[in-house]
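Notes follow the structure.
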């Protein structure tokens, strides 16, 4: 990991001269104050060669590359940049190389030779080293080009490329073309500079594509061998260190004495920067933003911002309190100095001098131009009136009773002139000789008109001057007074500058604050084209007024990075495209058309590729850094971001690093936006891809969907078959139940019973027992009707079942006469009309008790039916007879060749089983032979039914 020395921009350099020059040293992060060389790469980064490594600077931090990172030697003395962005370095070593994408590459010298290159030759992206011979990089090895043999005397022959050789003679330079091992002279250039063989290796030179530069004894030689052009520039008057030349894709920069002269590749002078500090520094370059960088072998680096080179400053390190434009002349009030005025580029003093701070400079109809001082001395000494600033001073006419001390403001009406001092308000009626005191008052700031009334701005709010009294302006919070500093008329409103509360608008009787200016102390308000220029404690702010005054927004700002000497602004003045700014450190003259104010910020991601791909396991906490390449304006940038498609709106961010947690696999676009104080905006987009785990991939998801789909189909088909099967089973069960019910009906209506019943009726008729036969027939028909009615329903009430059984037993009793008795017992707690039981379930059992039990008994038999409620939800039905018993009945059936199993019992068993499957009924059925008990015969059937 490269050494990265982070430094906050405001603390990074040692700032000089009102924060207009920056000094970088080991105290700020440089590894050494011995700086040999400085260059700028094609991306805009500054690279520095020091005795302790190579340093990359991005405006916020230094990144140092040393032997730990792959440098062959920390003591690196020269750098060069090729168009592809590679930063080449040289040192006294057997390896030389370059840095690309923050990685160090080095290549050996053939035969492991140690060399000390002094110059570079660049052709496109290829590099040639000059020093102890000419070396070029071939297949990863620096190989020496054999020297050209030109004449017999020692020469300095530079191999520009494979075909061009430059040879230095004593007072001229020759350009040769080498073709097929034959030299052809192309050009001879007289240099007017002579040197002997001992000094030949001390010449500085370099090559950039088709341009050769050579620093001779007292001239700079520029040669374009492709177009046979050259230029010679003399520097015989150079009194400082040896001149220095740096060439890049756009310019050739020559530092000589106290100047940096910049040529284009046509050798035309495009700019000359003159600065006294250049004499004390051995190398200097101008970067692509126009900043001037100077290096020292003992003091590190000094950087002068481009804006400082193009901005005029006056009275540096002196407090300039007031500025005023009057009759196209700028007047300047400097603490404890004469009043100055500026015409064109020069500043001149007047004979007018005030002690202390100058509160204001005014041009009035009656008094002319005058200065208001803040002194407590007498008016004669410190409060001065000028009708013509070029003549002698004259004092204001003061009061006979009170001497005005510390004059602050003067305001004229048609009939009265008002004078505001440190502790009084004076008035003078036109025609009178003196100002007379109206009332004492401390904390007054200014007097201003508003709607035919006169306002006094003060540290405790607004006041109305009414004749000789002072009345507080209405609708103010008297418990928290707002100090007002300045007032400016705007249409039918009064714009008020406050101390710490921004700009307020007085409209009618209402005081309306402008939210965008909250927290500002406003010392001056200038209105131009519906924009307010505000002198504040936080630079110069430009407010665009809206129809809804509270919706007004700040659209521009000017700070130290823009050429202002201090952030706290005392006063401003505007003239055309010039902005004059007064501070405690002097005043600056800013040209608002300066291209630096409209330059788009250079935003970049701190990545080495245009897109990033991360495995899902590495995306739990994903950090991405970004920055803006600026060396003077880091403090005035605001950043916003959005991650699409997750976010559609911009989110503000304070740091130049974003961390995303647990991003889902997929493709994203990270967008960063930076906005500077002039609302210049730049955006960059970085595609991000989070690779899914195997089970998060699309093919796996599709496979999972397919499997799920097939599983759902399978499960659906399974349930369909289950439902179909249940329906079929239910249908079969219904058919079976219907069949069993039919069989039960048949068993109830079996031929023997019908035959016997009819025989019994006939018997009664023959015996002429008409009443008895009618009764029998009536009961028989009623029973048959009940059989048919109950066969149509699945369940009947217990009372209906008991009634049917009673009818049946009555008929059988009439048939058997005295041989059969029956008893029916019903638990009184049973709600027989509410309890439901399956229809046609009990009659076959009663019939079995009669036909298989009582019928074969020689004596009288009894059938007993008992309905008992065992519990809240359980009914027990007991059918018992005292016949021969079920086992004996089976034996008799066998003897008579019949089926020993009762058909009705079999039907009942199957029917109960089917009813159980419906889960509607919970029925248990058991048969017991009572013959197993002593002195007992018969059969007992027990049915338990959940109710």
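In this note's numbering, the protein residues as written are -6 to 940. Even glycine gets a Cβ: it sits at the ideal position worked out from N, Cα and C. A quick note: this is a predicted structure, and the numbers were derived from the prediction, not measured.
Residue j beta carbon less than 7 Å from that of residue i
i, j, result
"residue 308", "residue 126", "no"
"residue 547", "residue 536", "yes"
"residue 616", "residue 633", "no"
"residue 572", "residue 583", "yes"
"residue 93", "residue 79", "yes"
"residue 1025", "residue 474", "The question about residue 1025 has no answer, for the chain in this structure spans -6 to 940."
"residue 290", "residue 319", "no"
"residue 554", "residue 621", "no"
"residue 478", "residue 435", "no"
"residue 110", "residue 120", "no"
"residue 112", "residue 199", "yes"
"residue 751", "residue 837", "no"
"residue 713", "residue 658", "no"
Where the alpha helix (DSSP H) containing residue i begins and where it ends
i, result
"residue 775", "763 to 784"
"residue 303", "299 to 303"
Limits of the unbroken beta strand (DSSP E) element including residue i
i, result
"residue 928", "Where residue 928 is concerned, there is no enclosing beta strand (DSSP E), given that its DSSP letter is neither H nor E."
"residue 574", "571 to 576"
"residue 205", "204 to 208"
"residue 71", "69 to 74"
"residue 620", "614 to 621"
"residue 884", "First-last for residue 884: 879 to 888, but that is the alpha helix (DSSP H), not the beta strand (DSSP E)."
"residue 119", "119 to 123"
"residue 581", "579 to 584"
"residue 176", "175 to 183"
"residue 943", "The first residue shown for the chain is -6 and the last is 940, placing residue 943 beyond what the model contains."
"residue 637", "631 to 637"
"residue 409", "409 to 413"
"residue 456", "454 to 459"
"residue 596", "596 to 598"
Under the three-state DSSP convention, the category residue i falls into
i, result
"residue 147", "For residue 147, the pLDDT reaches just 45, beneath the cut-off of 50, and the residue's location in the model is therefore unreliable, leaving the point undetermined."
"residue 81", "strand"
"residue 899", "helix"
"residue 484", "coil"
"residue 685", "coil"
"residue 692", "helix"
"residue 807", "helix"
"residue 333", "strand"
"residue 642", "coil"
"residue 909", "helix"
"residue 373", "A caution first: residue 373 carries a pLDDT of 41, below 50, which makes its placement in the model unreliable, though a value can still be read off. Note: residue 373 maps to helix in three-state DSSP."
"residue 714", "helix"
"residue 566", "strand"
"residue 500", "strand"
"residue -6", "Confidence is the limiting factor: at residue -6 the pLDDT is only 34, short of 50, which leaves the residue's position unreliable and the question unanswerable from this model."
"residue 657", "coil"
"residue 701", "helix"
"residue 270", "helix"
"residue 105", "helix"
"residue 60", "helix"
"residue 13", "coil"
"residue 399", "coil"
"residue 36", "coil"
Expected contact under 8 Å - CB spacing of residue i and residue j to nearest Å
i, j, result
"residue 867", "residue 940", "7 Å"
"residue 19", "residue 44", "That pair is no contact at about 11 Å."
"residue 135", "residue 102", "5 Å"
"residue 495", "residue 484", "Their Cβ separation, rounded to whole angstroms, is 19 Å, which puts residue 495 and residue 484 out of contact at 8 Å."
"residue 550", "residue 666", "With a Cβ gap of about 18 Å, residue 550 and residue 666 do not count as contacting."
"residue 932", "residue 847", "Not confirmed; about 10 Å, so no contact."
"residue 815", "residue 855", "7 Å"
"residue 629", "residue 552", "6 Å"
"residue 97", "residue 130", "The Cβ separation is near 15 Å, so there is no contact."
"residue 564", "residue 528", "6 Å"
"residue 208", "residue 236", "6 Å"
Residue-level contact to chain B via CB, residue i, 7 Å cutoff
i, result
"residue 515", "The structure shown has no chain B; it contains just one protein chain."
Report task. Please list the segments of the beta strand (DSSP E) lying wholly inside the region 502 to 549, counting only runs of 3 or more residues, in order along the chain. Result -> 503 to 506, 515 to 521, 524 to 529 and 532 to 537
What ranges does the alpha helix (DSSP H) occupy inside the region 802 to 873, keeping only unbroken runs of at least 4 residues that lie completely in it?
836 to 841
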